[in-house]
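Enquirer: Okay, so the sequence shown: first residue is 430 according to our numbering, each after it adds one. The beta-carbon is built from N, C-alpha and C at its ideal position, and this holds for glycine as well. Encoded as structure tokens, here's the structure I'll be asking about.
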Amino acid sequence: METREIFRNFPLFLEIAFYIIAFASIAVFVYGFYRRYKKYRKGRDAERFNHLMARFSKAAAIMAKNSTIFKRDKYAGFAHWLIFWGFIALLIGTTIVALDHDLLRFMNIHILRGNFYLVFSLVLDIFGILFIIGLIMMMLRRSSKPEQLDYTRADKSKTIDRSAYSTDDNIFMWLLLLIALSGFIIEGARIAADRPAWELWSPVGVGIANLIDMVGLNGSTDTIHIYIWWFHAVLVMFFIAYIPFSKGMHMLVDYANLMFKDEMAAIKLPGVSEERQKVSMGYQKIEDFTWKELLDFDACTKCGRCHVACPAQNAGTPLSPRDLILDLRTYVNDSSIGVAEWFEQKNTNGKEQKVIAGGAISKETLWSCTTCMACIEACPVGVEHLTSIVNLRRTMVDDGDMEDMLMDTLANIGDYGNSFGQSERMRAKWTKDLDFKIKDVRKEEAEFLWFVGDYASYDARIQGLSRKVATIFKKMGVDYGILYESERNSGNDVRRVGEEGLYEMLVEDNIAAFEDASFKEIFTTDPHSYNTIKNEYPDFGGNYPIYHYTGLLLKLFKEGKLKFNKKLDYKITYHDPCYLGRYNGEVDAPRQLLEAMGVTLVDMPRCKENSFCCGAGGGRIWMDDSKMEIRPSEIRIEEALNIGGGVDHFIVACPKDYAMFTDAVKTSGNEGKMQVKDIIELVDEAMG
Ligand code: SF4
Ligand code: SF4
């Protein structure tokens, strides 16, 4: 009968020894897992148990395809896919062996026999080889030292030793590789010793058996078998015990993290309940984090994708989203579990961090974030960096702990409703130079309310563009109006700075103005306002259909109301604003519009959801950026200039982008090489 003996040539005491070691390792695993579970229990509720089946299947589909790892890194994705499915197959195989030997045989049921056993042997051989190939591919990748796997901290701290991280990576991969290789050697030694008639169903084992014969070790096959058997068993048992204390934990946590991910994370920030406001506006201790955030810290595999995508890190600030998550992990472990993980970064200056914002995470780090969301988009395991960042900022804002320029801007917004500190009555001054009057939706009905936003209203560099938008929409016969002095800053960036109280006030004021006005839909040129009105105002009772002007222009073009009479013979590139492309997935409308004008559009390497931030978001435009090694907007201009053959225009669709990039062209010394233009300027030209 085709089968194999599990404890081949084992005396009883060795069998007993094996079970003692196995139970000990499972006990360590359970204890380690329980510690983690206790830690997550300290967190606040995260309200993630809705639509459980949908969550479960979505995460399962991601895991099965390894789709988030394949994204933008096919090599790593493929290697991980091989490891993942190889591991699953070997795990199922081992579980079948355990069931057959430790349970079913006592019921006189034997599944590992006959044809099933033959297919079982073949399948495990194939998946075992794929598993080894995947591991070798990953090891080769690491040996090429890619930028994202360099654990050097963005803040260049010399007092934090991260060598344990690399040790953990090596132990993890070598353990898996040695377990797989030793498993094959056991099989080879058994086949070399017994030469069963069905050996060809274990092709890898036969190969190794032949090798054993070739090197003349066929007299020692039983010895090789038993020694390697024990080597394999001890490694497996160590691996089981090691999982909850190491990188191995990602195998358990990451599925849960993906399953409980909030698809609206950062897009719609959580508010601060009245109950919580009595304690703190932000986060000060472990218990302030939600359990999902605590899970995030453990889910991080240190893959570094967020680190390389982060504009703040690229600009040389101390912020790296990877470092932030790992620092929070260290802080939470040190102050909740008591015993650090086996492979933790160590603070060599021995200072214990008591506070989080300004202690475990420096203030400068927290203020460096542009809230561009590139980290969340890049993370393959569903980490939601931004909610932690904003909640830690809330603590600093609550303490008045921010730079003067930001404080003045917030005061201006509080006093005048705009970030420029100008009177409300000046908000619509830009309309004075128009040869027609824009409807006042507070007094007369219009189909569209144009939410103009602060920059398009007050910034002298952008007011001309606002007049172009006004004229073009008028020419197309669009019935629109504005709120004049009743419009307030939309609050999108105020909220992301961490000033939740002011944000709520702005939302209430704007919603009151919307309610007093007569319109059906809103449009705006400002992606930041677009985001908060679309996604966050509904939580405050403000449900309004809203367009970004590129979406509305495309709609009008399709309806035949917008006509292009002149083909534009330009080669251009288009910058996707974070709050439009990444936050709201609107990447097609601007491109379709541009293509309709006849231009040749060449995308930069980082485009659409993977766009690179201009550096203005999250209130950064109200903060000093003079200490940056290079501004994100300057990095972006260089990226555009590197497009083969160059481009005539760098097209934007956001007032802040226009301001940031026109400055960056000058400060990077690239004046005359390329012109920054708003999409409305091309529309104007193409209309003839
Ligand atoms: S939101 Fe952007 S700037 Fe902030 S940490 Fe993430 S990638 Fe960096
Ligand atoms: S947070 Fe996500 S993207 Fe960043 S290093 Fe960790 S796993 Fe990778």
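(1) Does the distance from the C-beta atom of leucine 755 to that of leucine 795 stay below 8 Å?
(2) To test your reading of the DSSP string, which unbroken alpha helix (DSSP H) runs of 4 or more residues are found completely within the stretch 702-766?
(3) Going by DSSP, what residue range makes up the alpha helix (DSSP H) through valine 459?
(4) Would asparagine 743 pass as a contact of proline 1061 if the rule is Cβ separation under 8 Å?
(5) In the DSSP output, which residue or residues are listed as bridge partners for asparagine 776?
(6) Sort Val870, Arg433, Thr759 and Lys1056 by Cα distance to aspartate 623 and report the nearest one.
(7) Is the stretch 774-781 close to the stretch 1026-1045, with three or more CB pairs under 8 Å?
(8) Can you check DSSP and say which residues form a bridge with leucine 1030?
(9) I need the DSSP call for isoleucine 561, collapsed to helix, strand or coil.
(10) State yes or no: is the C-beta of threonine 799 nearer than 7 Å to some heavy atom of ligand 1?
(11) Between which two residues does the beta strand (DSSP E) holding cysteine 910 run?
(12) Please name the residue in Ser947, Gly910, Tyr594 and Glu628 whose C-alpha comes closest to that of aspartate 579.
(13) Find out if the Cβ-Cβ distance for the pair phenylalanine 549, glycine 515 is shorter than 8 Å.
(14) DSSP beta-bridge partners for valine 1105?
(15) Using the three-state DSSP reduction, which class does alanine 786 fall into: helix, strand or coil?
(16) Going by alpha carbons, who is nearest to tyrosine 999 out of Ile1080, Glu1067 and Gln1021?
(17) For proline 809, which residues of its own chain have a beta-carbon under 6 Å away from its beta-carbon, when the five flanking residues on both sides are left out?
(18) Using three-state DSSP, classify histidine 509 as helix, strand or coil.
(19) Any chance the stretch 960-976 sits against the stretch 935-945, with 3 or more Cβ pairs inside 8 Å?
(20) Counting C-beta neighbours from all protein chains within 10 Å, is the total for asparagine 438 16 or more, i.e. buried, or is it exposed?
(21) Mind checking whether the beta-carbon of methionine 802 lies closer than 7 Å to any heavy atom of ligand 1?
(22) Count the other CB atoms, across all protein chains shown, that sit within 10 Å of the CB of valine 1076; report buried if there are 16 or more and exposed otherwise.
(23) What residues come near ligand 2, if near means a beta carbon less than 7 Å from any of its heavy atoms?
(24) Count the other C-beta atoms from every protein chain shown that fall within 10 angstroms of the C-beta of alanine 456, then say buried if there are 16 or more, exposed otherwise.
(25) For aspartate 862 versus tyrosine 913, is the C-beta spacing smaller than 8 Å?
(26) In angstroms with no decimal places, state the Cα-to-Cα distance between valine 633 and glycine 648.
(27) Going by the CB atoms, is the gap between isoleucine 491 and leucine 687 shorter than 8 Å?
(28) In terms of residue numbering, what span does the alpha helix (DSSP H) encompassing tryptophan 658 cover?
(29) Quick check on histidine 957: does DSSP put it in helix, strand or coil?
(30) Report the CB separation of cysteine 1083 from leucine 1022 in whole angstroms; it is logged as a contact under 8 Å.
(31) Consider the C-beta atom of isoleucine 818 and the heavy atoms of ligand 1; say whether any pair is separated by less than 7 Å.
(32) Between isoleucine 1066 and alanine 803, what straight-line distance do the alpha-carbon atoms span, to the nearest angstrom?
(33) In angstroms, rounded to a whole number, what distance separates the CA positions of aspartate 651 and alanine 618?
(34) Decide if alanine 475 is buried, meaning its Cβ has at least 16 other Cβ atoms within 10 Å, or exposed.
(35) From Ala626, Asn479, Ala451 and His814, pick the residue whose C-alpha is nearest to that of glutamine 527; which is it?
(36) Please report the distance separating the alpha-carbon of alanine 505 from that of lysine 574.
Expert: In terms of the structure at hand:
(1) No.
(2) As far as the stretch 702-766 is concerned, its whole alpha helix (DSSP H) runs of at least 4 residues are 703-708, 720-728, 734-738, 740-743 and 750-761.
(3) That run of the alpha helix (DSSP H) goes 441-470.
(4) When the beta-carbon positions are compared, asparagine 743 and proline 1061 come within less than 8 Å of each other.
(5) Paired residues: Ile589.
(6) Selected option, being the one with the closest Cα: Arg433.
(7) By the Cβ criterion, the stretch 774-781 is not in contact with the stretch 1026-1045, since fewer than three pairs of Cβ atoms, one from each stretch, lie closer than 8 Å.
(8) Per DSSP, the beta bridge partners of leucine 1030 are Ile1001.
(9) Isoleucine 561 falls in the helix class under three-state DSSP.
(10) When distances are taken from the beta-carbon of threonine 799 to the heavy atoms of ligand 1, the shortest one is below 7 Å.
(11) Note that residue 910 is glycine in the sequence shown here, rather than cysteine. Annotation for glycine 910: the continuous beta strand (DSSP E) segment containing it runs 909-911.
(12) For aspartate 579, the nearest C-alpha among the options comes from Tyr594.
(13) Going by C-beta atoms, phenylalanine 549 is not nearer than 8 Å to glycine 515.
(14) BP columns for valine 1105 point to Phe1079.
(15) Of the three classes helix, strand and coil, the one that applies to alanine 786 here is strand, per DSSP.
(16) Looking at the Cα atoms, Ile1080 is the closest of the given residues.
(17) Thr497 and Ile498, listed in sequence order.
(18) Helix.
(19) These segments touch.
(20) With fewer than 16 Cβ atoms within 10 Å of its Cβ, asparagine 438 is classed as exposed.
(21) Checking every heavy atom of ligand 1 against the Cβ of methionine 802, one is found closer than 7 Å.
(22) Buried is the call here.
(23) Per the Cβ criterion, the list is Ala728, Cys729, Thr730, Lys731, Cys732, Gly733, Arg734, Cys735, His736, Pro750, Arg751, Ile754, Cys804, Ala807, Cys808, Pro809, Val810, Val812 and His814.
(24) Exposed is the label assigned to alanine 456, since fewer than 16 other Cβ atoms lie within 10 Å of its Cβ.
(25) A distance of 8 Å or more separates the beta carbons of aspartate 862 and tyrosine 913.
(26) CA-to-CA, the gap between valine 633 and glycine 648 works out to about 20 Å.
(27) Cβ distance < 8 Å, so leucine 687 and isoleucine 491 count as in contact.
(28) Where tryptophan 658 is concerned, the enclosing alpha helix (DSSP H) stretches over 650-671.
(29) Residue state, collapsed to three classes: helix.
(30) Between leucine 1022 and cysteine 1083 the Cβ distance is about 15 Å, and since that is not below 8 Å, they are no contact.
(31) Yes.
(32) C-alpha of isoleucine 1066 to C-alpha of alanine 803: approximately 18 Å in a straight line.
(33) Aspartate 651 and alanine 618: Cα-Cα distance of roughly 7 Å.
(34) Sixteen is the threshold: when 16 or more other Cβ atoms of the shown chains lie within 10 Å of the Cβ of alanine 475, as they do, the residue is buried.
(35) According to the sequence shown, residue 527 is alanine rather than glutamine. Ranking the options by Cα distance to alanine 527, first place goes to Ala451.
(36) Distance between the alpha carbons of alanine 505 and lysine 574 is about 13 Å.
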